[in-house]
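>
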Amino acid sequence: MGASTECATLAACPSNEKTQQCSQSEQDTHAAIIHHRISGILKSGMFWRVAIVVFLLDQLTKFWATTTLVLDQPHPVLPPYFYLTLTHNTGIAFGMLEGRGWLTIPLTLGVAIGLIWYYYRHKPSRGVQLLMGLLLGGALGNFVDRIRLGYVVDMFEIPMWPVFNVADMAITCSLLGLTALQFWGARAEEPVRATEEPPR
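FYI, the numbering used here numbers position 151 of the sequence shown as 151, with every residue one higher than the one before it.
#1: Give the DSSP-derived three-state secondary structure of N142 in the structure shown.
#2: Out of curiosity, what's the CA-to-CA distance linking L86 and L130?
#3: I'd like to confirm the pairing. Which residues does DSSP put opposite Y151 in its beta bridges?
#4: Would you be able to state if there are at least three C-beta pairs under 8 Å between the segment 173–188 and the segment 143–152?
#5: How big is the Cα-Cα spacing for R121 and I52?
#6: Helix, strand or coil for P223 per DSSP?
#7: Measure from the C-beta of W64 to each C-beta in chain D and report whether the shortest distance is under 9 Å.
#8: Mind checking which residues open and close the alpha helix (DSSP H) that includes L84?
#9: Pairs of beta-carbons, one from the segment 152–166 and one from the segment 59–71, closer than 8 Å: are there three or more?
#10: Could you say which of A31, H75, L136, L57 lies nearest to I171 if we only look at CA atoms?
#11: Since I believe L69 is in contact with L84 (beta carbons under 8 Å), could you give me their beta-carbon distance rounded to a whole number of angstroms?
#12: I need the DSSP call for L71, collapsed to helix, strand or coil.
#13: Any idea if A65 is buried or exposed, counting beta-carbon neighbours within 10 angstroms, 16 or more meaning buried?
#14: Just the Cα atoms here: how many angstroms apart are M46 and R126?
#15: Quick check on the burial criterion: 16 or more other C-beta atoms within 10 angstroms. Buried or exposed for T212?
#16: Taking the DSSP output, what are the residues bridged to E26?
#17: Less than 9 Å separating the beta-carbons of L109 and S174?
#18: The alpha helix (DSSP H) that contains L103, what's its start and end?
#19: Among W102, P124, L140, whose alpha-carbon lies nearest the alpha-carbon of N89?
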């Protein structure tokens with residue numbers, strides 16, 4: 001049942017009217033399909049929602065920084081603790097390995113594919129989805145910069161720390177959270193394993 005069925009029922013109509021109704025029916029069908037797919041993405045879980053929000057927030061802040069700030073000129077916000085300083089990072093996260101940021105391109109693709117596969121294969125808890133979404137959104141935010149510009153736009157500066165961006169914050173929070181979950185999960189399993197070991 002679809003556009004073809006509806007068009008078949010219009011055989012008795014004048015040709016012009018039938019063509020217009022068929023065309024409108026097909027457009028409605030295509031619009032419904034697109035709406036269904038978009039709704040599916042938005043409703044598919046915490047993972048995708050967080051990834052999309054992080055990616056958009058990262059790109060918006062970078063756009064604002066490049067159109068507002070002067071390159072390498074600190075703009076005091078809360079001196080001496082916090083500055084906005086537009087920089088072009090050709091290295092990896094937090095300015096490491098300057099000039100070798102391209103090394104992260106295949107790594108980012110691998111991480112993105114792995115995260116998406118794990119999400120659909122294992123359907124993790126919402127907490128894990130949150131952390132995975134932070135990692136995916138941050139990784140893709142910096143990935144787009146490297147592909148489009150050849151460098152990553154950074155703008156947040158605090159003392160004794162390299163300049164960073166929203167994507168870097170999301171990636172760092174994600175890795176810390178996933179490490180903590182792994183640690184506490186392993187600690188929680190130790191008493192269970194001890195009780196399951198047979199007496200010698």
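We put the beta carbon where it would ideally sit given N, CA and C, even for glycine.
According to the data block:
#1: Three-state result, N142: helix.
#2: 29 Å
#3: Partner residues in a beta bridge of Y151, as assigned by DSSP, do not exist.
#4: no
#5: 20 Å
#6: Since the first and last residues shown for the chain are 1 and 200, residue 223 lies out of range.
#7: This model lacks chain D altogether, as it is built from one protein chain only.
#8: L84 -> not in any alpha helix (DSSP H); beta strand (DSSP E) instead, spanning 82–89.
#9: yes
#10: L136
#11: 6 Å
#12: strand
#13: Burial call: buried.
#14: 6 Å
#15: With the chain covering 1 to 200 only, the question about residue 212 has no answer from this structure.
#16: DSSP, once it has assigned bridges, lists no residue as partnering E26.
#17: No; because the gap between Cβ atoms is not below 9 Å, this pair is not in contact.
#18: No alpha helix (DSSP H) holds L103; DSSP gives it neither H nor E.
#19: W102
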